[in-house]
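Peer 1:
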Amino acid sequence: MQPFELSLTAAADAIRARQLSPVELVDSVLDRTEKVEPHLQAYVSVTAERARREAREAADAAAAGRLRSPLHGIPMGLKDLIDVAGAPTSASSRVRADHRAEADSTVAARLSAAGAVLLGKTHTHEFAYGLTTPQTNNAWNRDRIAGGSSGGSAVAVAAGAATFGLGTDTGGSTRVPAALNGVVGLKPTYGLVPRTGVTSLSWSLDHVGPITRTVEDAALVLSVLAGHDPRDPASLVAPRADYRPGAGADLAGLRVGVPRNYYFDHVDAEVEAAVRHAIDQLQALGAQLVEVEIPMTRYIQATQWGLMVPEATAYHEQTLRTVPELYQTDVRILLEAGQLMPAGDYLHAQRSRTLMRQAWDRLLDEVDVIAAPTVPATAVAADEEVITWPDGTVESASDAYVRLSAPANITGVPSLSVPVGLDAAGLPVGMQLLGRPLGESVLLRVGHAYEQTQPARELAPVA
Amino acid sequence: MSADELTPSEAARWAVRAGLPLPADRHDAVAATANHIHSVVAVLRELDFGDTPPAFAYRA
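The listed protein sequences derive, respectively, from chains L and V. Anchor point for the first sequence: position 394 equals 1395 in the working numbering, and the numbering is continuous, going up by one each time. Anchor point for the second sequence: position 6 equals 8 in the working numbering, and the numbering is continuous, going up by one each time.
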């Protein structure tokens, strides 16, 4: 096995045991990146020289017995909405052509302090306002979409071009590309991971989270990212925690909610079959399956749009007036139209969110986690803008990909996407586990238990 | 066209009121997108909010 193929957990164990040096690991991942990047375009920029320098420093520290954390010497890609001091944060947009970040974002600073090595900045759908990331190709089939908006990070991790990555998630943007590329994506509880220094799409819906090969890897990254930051007004004052799941896979006593509505409606048959099979695995591990009713489903899309559309327009207010022609067509029109939403509609969405949170609190009294598909379909072709369901309903691909992710953004509850197999075309399927606020440890324990029932996943077979 | 939809010229006027003058070649597309967004979000008007406050603060 080559170092670039190692999970974060395996690489960290090998570094700690002095079987692998950070220099070997980073060189291997950079070589892999050079090989696959022409097919994938996951990165806005790869900073190889910087990565090799950081790797040498990490190796020297490791040789002296000074490991900063399990991420010590581990190479990562950061979505290019995340500030790194001295580097541009392009947001994959011409609007940011001359940008240079003055300081590290809180998450970049925490990762750096933990010893992680920055490989480069990964592509996003422009300013995170979309679900495809058109610059980047799916790691499993380059004619399919990467998913978005954190498409670059998910593709890089899936292809071995980063050992882990960070994404942001406003309506599914970490979990959707994770699901479509067969990797793990975590949207933590709203406010658990600080957003200081991360370009916003929609303040009240934005989250930052890890994209990794395994659930255990996601736990290691979350342990570094989580914690209060007074500069993010949404940051929660929650105690720092070690999220690494224990070794046991016994789920006895755990109540897993299986939605009877919404999450399995207008879902591809192969996706449904793979997710239900995975849920059966949870039952085989001792979990009790409980049928649950998802509340207020008629108002999910309306609430998501009512919050996101005006907040995004507000964020871009200045540049929409000075350089509108620099935005891509799809993003510009949404920003412009968002200017026409009345404040009353925005307040309806905020009040609807209050009602939805209350209803989800009651729902999560009944069960410990909810298991559902992450997205209703695997990755569509790059030119496939709509999905036609068997009953004749036509849905835009973007709406379909957001549909099952949005409830966790609106309510703030944590959600973990775990790969649960491939469809007949060889494209990955993701299962979503949703839990109570600050219930990340439970989600990670369940996801890790499921992974232990499965053979180790391989990297995407990039030519 | 239903009564609550904006015409392209109305969309242009609303945009000006919001401080975003639009070039004439944007009016049709912005009106169409704004009308679509409105059709999605207007469903929230069905809800009986009573004394429900907005969810500006989050308590985990």
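Backbone N, C-alpha and C fix where the C-beta goes; we use that ideal spot for every residue, glycine too.
Assuming the contact rule is C-beta atoms closer than 8 angstroms, Asp1084 (chain L) and Ser1106 (chain L) should be a hit. Round their C-beta distance to whole Å, please.
Peer 2: 4 angstroms
Peer 1: Give, in chain order, every unbroken run of the alpha helix (DSSP H) that is at least 4 residues long and sits entirely within the segment 1385-1458 of chain L.
Peer 2: For the segment 1385-1458 of chain L, whole alpha helix (DSSP H) runs of length 4 or above, ordered along the chain, are 1398-1404, 1407-1412 and 1441-1453.
Peer 1: Just grab the DSSP bridge partners of Glu1292 (chain L) for me.
Peer 2: The partner list for Glu1292 (chain L) (beta bridge, DSSP) reads L:Val1259.
Peer 1: Keeping to the same chain, check which residues put their C-beta closer than 7 angstroms to that of Val1225 (chain L); ignore five residues upstream and five downstream.
Peer 2: If we look at Val1225 (chain L) and ignore the five residues flanking it on each side, its Cβ neighbours are Ser1070, Leu1072, Arg1111, Leu1112 and Ala1115.
Peer 1: If we ignore side chains and look at the alpha-carbon of each, how far apart do Gln1351 (chain L) and Gly1345 (chain L) end up?
Peer 2: Linking Gln1351 (chain L) to Gly1345 (chain L) through their CA atoms gives a straight-line distance of about 10 angstroms.
Peer 1: Is Pro1039 (chain L) helix, strand or coil when you go by DSSP?
Peer 2: Residue state, collapsed to three classes: helix.
Peer 1: Name the residues in the segment 1326-1353 of chain L whose C-beta lies less than 8 angstroms from a C-beta of chain V; which are they?
Peer 2: Ile1334, Leu1335, Glu1337, Ala1338, Gly1339, Gln1340, Leu1341, Met1342, Asp1346, Leu1348, His1349, Ala1350, Gln1351, Arg1352 and Ser1353
Peer 1: I'd like to know if Ala5 (chain V) contacts chain L, where contact means its C-beta is closer than 8 angstroms to some C-beta of that chain.
Peer 2: no
Peer 1: Where Arg1333 (chain L) and Gln1455 (chain L) are concerned, what is the direct C-alpha to C-alpha distance, given to the nearest angstrom?
Peer 2: 44 angstroms
Peer 1: Name, please, each residue of chain L whose Cβ falls closer than 7 angstroms to the Cβ of Arg47 (chain V).
Peer 2: Under a criterion of Cβ atoms nearer than 7 angstroms, the residues of chain L adjacent to Arg47 (chain V) are, in order, His1349.
Peer 1: Quick one: residues in its chain with C-beta nearer than 7 angstroms to the C-beta of Asp1081 (chain L), no 5 flanking neighbours on either side, listed in chain order?
Peer 2: These residues qualify, in order along the chain: Val1045, Thr1090, Ser1091, Ala1092, Ser1093, Lys1122, Thr1123, His1124 and Thr1125.
Peer 1: If you draw a straight line from the C-alpha of Trp1361 (chain L) to the C-alpha of Asn1262 (chain L), how long is it?
Peer 2: 14 angstroms
Peer 1: Cα-Cα, which of V:Arg15, V:Ala13, V:Ala20 and V:Ser4 is closest to Arg1322 (chain L)?
Peer 2: V:Ala20
Peer 1: With C-beta atoms as the reference, is Met1342 (chain L) less than 8 angstroms away from Met1297 (chain L)?
Peer 2: no
Peer 1: For Leu1223 (chain L) and Gly1192 (chain L), what's the separation of their Cα atoms in angstroms?
Peer 2: 13 angstroms
Peer 1: Check each candidate in L:Asn1410, L:Ala1088, L:Ala1065 and L:Trp1141 and name the one with the smallest Cα separation from Thr1169 (chain L).
Peer 2: L:Asn1410
Peer 1: Whose Cβ in chain V lies nearer than 8 angstroms to the Cβ of Gly1413 (chain L)?
Peer 2: Tyr60 and Ala62
Peer 1: According to a CB-to-CB cut-off of less than 7 angstroms, which residues of the segment 15-33 of chain V neighbour chain L?
Peer 2: Answer set for the segment 15-33 of chain V: Trp16, Ala17, Ala20, Leu22, Leu24, Arg28, Ala31 and Val32.
Peer 1: Tell me, please, whether the CB atom of Thr35 (chain V) is closer than 8 angstroms to any CB atom in chain L?
Peer 2: yes
Peer 1: Which two residues bound the contiguous alpha helix (DSSP H) that contains Thr1521 (chain L)?
Peer 2: Any question about residue 1521 (chain L) goes unanswered here, given that chain L covers just 1002 to 1464.
Peer 1: Relative to chain V, which residues along the segment 1285-1303 of chain L have a C-beta separation below 8 angstroms, given in chain order?
Peer 2: Arg1299, Tyr1300, Gln1302 and Ala1303
Peer 1: Output yes if chain V places a C-beta closer than 8 angstroms to the C-beta of Ala1235 (chain L); else output no.
Peer 2: yes
Peer 1: Would you call Asp6 (chain V) buried or exposed, if buried means 16 or more other Cβ atoms sit within 10 Å of its Cβ?
Peer 2: exposed
Peer 1: Taking the straight line between their C-alpha atoms, what separation do you get for Ala1398 (chain L) and Ala1378 (chain L)?
Peer 2: 9 angstroms
Peer 1: Within 8 angstroms (strictly less), CB to CB, does Arg1322 (chain L) reach chain V?
Peer 2: yes
Peer 1: On the criterion of 16 or more Cβ atoms from any shown chain inside 10 Å, does His1278 (chain L) qualify as buried, or is it exposed?
Peer 2: exposed
Peer 1: Report the option in L:Leu1417, L:Leu1308 and L:Leu1336 whose CA atom is closest to the CA atom of Ala44 (chain V).
Peer 2: L:Leu1308
Peer 1: Short of 8 angstroms in beta carbon distance, which residues of its chain neighbour Gln1289 (chain L), apart from the five on each side in sequence? Order them along the chain.
Peer 2: A distance below 8 angstroms between beta-carbons, with the five flanking residues on each side excluded, links Gln1289 (chain L) to the following residues of its chain, in chain order: Gly1254, Leu1255, Arg1256 and Val1257.
Peer 1: What are the boundary residues of the beta strand (DSSP E) that includes Gly1186 (chain L)?
Peer 2: Val1185 to Lys1188
Peer 1: For chain L, find out if any of its Cβ atoms is closer than 8 angstroms to the Cβ of Pro55 (chain V); answer yes or no.
Peer 2: yes
Peer 1: If we call anything under 8 angstroms between Cβ atoms a contact, is Pro1438 (chain L) one with Val1419 (chain L)?
Peer 2: no
Peer 1: Just to confirm, is the Cβ distance from Ala1155 (chain L) to Gly1186 (chain L) under 8 angstroms?
Peer 2: Taking 8 angstroms as the Cβ cut-off, Ala1155 (chain L) and Gly1186 (chain L) qualify as a contacting pair.
Peer 1: Which residues in chain V have a C-beta closer than 8 angstroms to the C-beta of Val1310 (chain L)? List them in chain order.
Peer 2: Ile39 and Val43
Peer 1: Between the segment 1386-1404 of chain L and the segment 1193-1208 of chain L, do at least 3 Cβ pairs fall closer than 8 angstroms?
Peer 2: no
Peer 1: Suppose only complete runs of 4+ residues qualify. What are the alpha helix (DSSP H) ranges in the segment 1209-1262 of chain L, listed by chain order?
Peer 2: 1216-1226
Peer 1: So what's Arg1322 (chain L) in DSSP terms, helix, strand or just coil?
Peer 2: helix
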